[in-house]
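Student: For the sequence shown, the residue numbers in the numbering used here are 882 to 1214.
Where a beta carbon is used, it is the ideal one built from N, C-alpha and C, also for glycine.
Quick one: structure below, then a few questions.
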Amino acid sequence: MDQEQIELTEIKVEFKHFDIIPTNEDNSITSDHHYFSSASTLSSPSFQKTIMKEWRILEGNLPDSIYVRVYEQRIDLLRAVIIGPAGTPYHDGLFFFDIQFPSNYPNAPPKVHYRSFGYRLNPNLYENGYVCLSLINTWSGAANEKWIPSQSTMLQVLVSIQALVLNAKPYFNEPAYANLPKNSDPWKTESLHYDENTFILSCKTMMCVLNAPPKFFEEFVVQHFRDRADAILSACKAYDTGRAQIGDQVTTTTAGKRITNKPSWTFKRSMEDIYPKLVKSFAKSGPGSPNHEIQHTSRSSEGQGKYDILLGSCLGLGIIIVLFFLALYNPKP
């Protein structure tokens, strides 16, 4: 019996990419949705027909990294989570969006709210949840980049957020920086520093999501971080030691690589603070949680030794210089 119980704990429950949440009596299923208190837009049979079409498109075409829940009771509402793409500062993060179809949909684009937890981790995603994107007419753009009622879909909105917003170099999403040379200084360095801050905010967002997962995504959140915790923590160490750049793929051989990057002091201090908190948050995910040490230093033992030697040498040299000038300007009588 004990063996059977152990095996059961290791079975992963499949979380559907698209699912419809059934009706309940008190309408509490959408109570944590950003647009819950907004008037329902169930205005006409044609609107309902349009939404059913959107549901079919989503059900049959969602990429592996996007999951959607819709509501039988409020078909005007939708919730989606996008897994941060590999190769970006957002990798392995979970980014939730609450969406409402307006009553004149598809003549008007859907309303999209990002669950930010108060963090601005992208120029297009504001602390208040505002999403800046041409496709939903919240930012300027060419005619073919904006919402086209006869062509645009909810699927396109989600894929655009994943590809255009959660990208490898979010610093250049800022309109003023969009046309700057991405691989030339000082812009390259500024972009790297932005990536560092973005990754820190992404880690903070992970902890917020784990602490308060949105309704009907609770199991998904726990399972996702149970699966990806080790990879996330290994990336933290690799970025902190300079053996990988933010967003680089981190493998089992990364720890043995020589240091080729120089993370900023601000990033190292932030990582020193957040790493043990991440470990504790992930440990709450249950069986399969990461086996990482809680204590984390921003320098490896080898690096710490070199740092101490250098510091001692500098202090010794400083004392000699001070004594020299004291003797020079205070000669014996």
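1) Give the single residue among 1030, 1006, 1031 and 1032 whose Cα lies nearest to the Cα of residue 1020.
2) At the level of alpha carbons, what is the spacing between residue 1114 and residue 1069?
3) Closest to residue 1156 by CA distance: which of 1111, 998 and 1045 is it?
4) How long is the line joining the alpha carbons of residue 1130 and residue 968, rounded to whole angstroms?
5) Is residue 962 closer than 8 Å to residue 976 when the C-beta atoms are compared?
6) Quick one: give me the first and last residue of the alpha helix (DSSP H) that residue 939 is part of.
7) Evaluate contact between the stretch 1079–1099 and the stretch 996–1012, counting only Cβ atoms and requiring at least three cross-stretch pairs below 8 Å.
8) Could you tell me the alpha carbon to alpha carbon distance between residue 1105 and residue 1017, rounded to whole angstroms?
9) Does DSSP classify residue 1253 as helix, strand or coil?
10) If you check the beta carbons only, do residue 1047 and residue 948 fall under 8 Å apart?
11) What does residue 1003 pair with, by DSSP beta-bridge criteria?
12) With 16 as the cutoff for other CB atoms within 10 Å, does residue 974 come out buried or exposed?
13) Taking the alpha helix (DSSP H) that residue 979 belongs to, which residues open and close that run?
14) Identify whether residue 1023 lies in helix, strand or coil by the three-state DSSP scheme.
15) Quick check on residue 945: does DSSP put it in helix, strand or coil?
16) Report buried or exposed for residue 1044, applying the criterion of at least 16 other Cβ atoms within 10 angstroms of its Cβ.
17) Would you call the stretch 900–916 in contact with the stretch 988–999, where contact means no fewer than 3 C-beta pairs closer than 8 Å?
18) Hey, residue 957 and residue 921 are a contact pair by Cβ (cut 8 Å); roughly how many whole angstroms apart?
19) Taking the runs of the alpha helix (DSSP H) that are 4 residues or longer, which of them lie wholly in the stretch 1044–1114?
20) Are there three or more Cβ pairs, one per stretch, closer than 8 Å when the stretch 930–938 is compared with the stretch 1034–1042?
21) Determine, using beta carbons only, whether residue 955 and residue 1095 come nearer to each other than 8 Å.
22) Is the CB-CB distance between residue 1076 and residue 1128 below 8 Å?
23) Do you know whose CA, among 1153, 1089 and 1139, lies nearest residue 1163's CA?
24) What's the call for residue 933, buried or exposed, on a 16-neighbour Cβ count within 10 Å?
25) If you follow the alpha helix (DSSP H) that residue 995 is part of, which residue opens it and which one closes it?
26) Is the CB-CB distance between residue 1050 and residue 1072 below 8 Å?
27) Just to confirm my understanding: we take residue 883, look at its own chain, exclude 5 residues before and 5 after, and list those with CB closer than 6 Å. What are they?
28) Within 10 angstroms of the Cβ of residue 1028, are there 16 or more other Cβ atoms? Answer buried if so, exposed if not.
29) Near residue 988, which residues of its chain fall below 8 Å by C-beta distance, leaving aside the five closest residues on each side in sequence?
30) Note down, in chain order, each residue of its chain lying with its Cβ closer than 6 Å to the Cβ of residue 1013, except the 5 sequence neighbours on either side.
31) Do you know whose CA, among 1141, 1064 and 1165, lies nearest residue 1108's CA?
32) Based on the DSSP output, what are the partners of residue 1040 in its beta bridges?
Tutor: According to the data block:
1) 1006
2) 25 Å
3) 1111
4) 7 Å
5) yes
6) 926–942
7) yes
8) 29 Å
9) Past the boundaries of the shown model lies residue 1253; the chain is included only from 882 to 1214, so the question cannot be answered.
10) no
11) 1006
12) buried
13) Unbroken run through residue 979 is the beta strand (DSSP E), 975–981; no alpha helix (DSSP H).
14) coil
15) coil
16) exposed
17) yes
18) 6 Å
19) 1068–1092
20) yes
21) no
22) yes
23) 1089
24) exposed
25) Counting along the chain, residue 995 falls outside any alpha helix (DSSP H), though it belongs to the beta strand (DSSP E) covering 992–995.
26) yes
27) Since pLDDT at residue 883 reaches only 46, below the 50 mark, its modelled position is unreliable, and no value is offered.
28) buried
29) 1030
30) 1005, 1019 and 1020
31) 1165
32) Answer is none; residue 1040 lacks a bridge partner.
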